[in-house]
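K.L.:
For the record, in the sequence shown the residue sitting at position 84 is 84 according to the UniProt record's numbering, with numbers rising by one throughout. The beta carbon of each residue, even a glycine, is placed where N, CA and C say it ideally should be. If you're wondering where the values come from, they're calculated on a predicted model, not measured in any experiment.
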Amino acid sequence: TFLPMGGQEYVTNDKGEFAGFYLLKHTPRSNQIYVFARRDERKLAAAAKIFKGKDSELEIELTEAVTLTGQITDPNGNPIPTANMYVILCDDLWGAFVDIGGEYKDIAIDSSGSYEIRLLPPGCFYEIVARAPGYGRRTLEVGTWDKSKKRIQLDTIILPPANLSVSGVVVDEKGIYVPHTYIEWEGEGQPYQDQPIQTDERGNFTIEKLCDGTITITATVYDKNEQLDKYEQIDAKVGEKDVKVAVEKTIQVCPIGPKLPSLMGKELPEFKDLGLNINKGKIKDKMLLICFWDMNNQASRHCVRKLVHMFEELKRRDIVVVSVYASKIDKKSLADLVKKYDIPFP
């Protein structure tokens, strides 16, 4: 099968050959496409890369597949057998659901909350997402770069209860309540939103079945012609009862800014504004790779992990890697992230 946005599954003939046509309805930003292959009864799998827009003849070598195991519990250690899980293959700029013939669509979870994810190709990076009715969701990040590890025991996934709420009111720039405003929300580890809710006749709303933490609330107002009119986004602590959302921003098309002059062939500016202390003597005549990242962004996290994996090879090629955290963060939290991802570059 092909990823991302594949779905069509092909079966090889007696000579192990197959031919497939892959039509992208929505083009991902990355030009890489994966071909996933597996042999169930022999526990073999492989993932091969091709590039969109090019016909390819591939020779795919199946190797022993990776199996992931673990357990899902609540904060008290009680198993959650009603949980469901799915697997996402992560590329530089996209993530795609792994669903080879339904293999990962319904991952079996027994009465002890234990699960087993089979037939994953090695040499890839995955996100394992778990959720359950009445609980939030959690994501584990798993790299299968070490091809000698064929069975990987994952950390226990602890799902927080979703038994809290947020309530408030939507008003306009004059402080007058706005009825029938569409309310959407999202938050790290929160249950997925089924559909938007609307404020009542007095602009009131309540968002239920949330976990402890923070959510981002988006309020959108439509005019009488059902066209987007105004919106506002605010962060709210789960449990708040008097959130006030003032929809003052008018939706409009932003003009494209002026094109900035190219720095190609010119001396780079100072790095102090980026919070970097770089000795220019150490990077003289070398290539400099600056990575701006944010741990709350999936593609960003994946790129940092990939740079960590490639660091020694880049070093051998005289490529200096530095990173800049692009969101607000305190020094301790940043140090914890550097330790968590084992980042060897400044």
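Within a Cβ cutoff of 7 Å, which residues of the same chain sit near residue 223, ignoring the five residues on either side of it in sequence?
P.N.:
Closer than 7 Å at the Cβ level, and outside the excluded window around residue 223, lie 229.
K.L.:
Cβ of residue 65 within 9 Å of Cβ of residue 118?
P.N.:
Yes, the Cβ-Cβ distance between residue 65 and residue 118 is below 9 Å.
K.L.:
With a CB to CB cut of under 8 Å and the five nearest residues on each side skipped, what residues in its chain are close to residue 154?
P.N.:
Excluding residues within five positions, the ones whose Cβ falls inside 8 Å are 68, 69, 70, 128, 140, 142.
K.L.:
DSSP on residue 323, reduced to helix/strand/coil?
P.N.:
Residue state, collapsed to three classes: strand.
K.L.:
Identify every residue that forms a DSSP beta bridge with residue 244.
P.N.:
Its beta-bridge partners are 169.
K.L.:
Restricting to Cα atoms, I'd like to know which of 76, 261, 209, 181 is closest to residue 166.
P.N.:
Minimum Cα distance to residue 166 is reached at 209.
K.L.:
Could you tell me how far apart the beta carbons of residue 189 and residue 243 are, in whole angstroms, since I believe they sit closer than 8 Å?
P.N.:
With 8 Å as the limit, residue 189 and residue 243 do not qualify as a contact, their Cβ atoms being about 19 Å apart.
K.L.:
Pull up the CB-CB distance for residue 238 and residue 290, whole angstroms please, since I reckon it's below 8 Å.
P.N.:
At roughly 36 Å, the Cβ-Cβ gap does not stay under 8 Å, so residue 238 and residue 290 are not in contact.
K.L.:
Using the beta-carbon count (16 or more within 10 Å), is residue 268 buried or exposed?
P.N.:
Result: exposed.
K.L.:
Identify the residues that DSSP records as bridge partners of residue 204: which are they?
P.N.:
Answer is 169, bridged to residue 204.
K.L.:
With 16 other CB atoms within 10 Å as the buried threshold, where does residue 187 fall?
P.N.:
Its Cβ being crowded by 16 or more others within 10 Å, residue 187 is buried.
K.L.:
Under a Cβ-count criterion, where at least 16 other Cβ atoms within 10 Å of its own Cβ denotes burial, should residue 260 be classed as buried or exposed?
P.N.:
Residue 260 should be labelled exposed.
K.L.:
Is it buried or exposed, residue 199, if we count other Cβ atoms within 10 angstroms and call 16 or more buried?
P.N.:
That one is buried.
K.L.:
Give every residue of the same chain whose Cβ lies closer than 6 Å to the Cβ of residue 109, excluding the five residues on either side of it in the sequence, and list them in chain order.
P.N.:
Same-chain partners within the cutoff: 81, 83, 115.
K.L.:
Helix, strand or coil: how does DSSP classify residue 48 here?
P.N.:
In the structure shown, residue 48 sits in a strand (DSSP, three-state: E or B).
K.L.:
Hey, could you find the ends of the beta strand (DSSP E) residue 130 is sitting in?
P.N.:
Unbroken beta strand (DSSP E) run through residue 130: 125-131.
K.L.:
Within the same chain, show all residues whose beta-carbon is closer than 6 Å to that of residue 318, passing over the 5 residues directly before and after it, in chain order.
P.N.:
So the list reads 286, once near-sequence residues are dropped.
K.L.:
Any idea if residue 192 is buried or exposed, counting beta-carbon neighbours within 10 angstroms, 16 or more meaning buried?
P.N.:
With fewer than 16 Cβ atoms within 10 Å of its Cβ, residue 192 is classed as exposed.
K.L.:
For residue 11, does the count of other Cβ atoms within 10 angstroms reach 16, so buried, or fall short, so exposed?
P.N.:
Label assigned to residue 11: exposed.
K.L.:
Within the same chain, show all residues whose beta-carbon is closer than 8 Å to that of residue 144, passing over the 5 residues directly before and after it, in chain order.
P.N.:
Only 66, 120, 121, 122, 123, 124, 125, 126, 152 meet the Cβ criterion.
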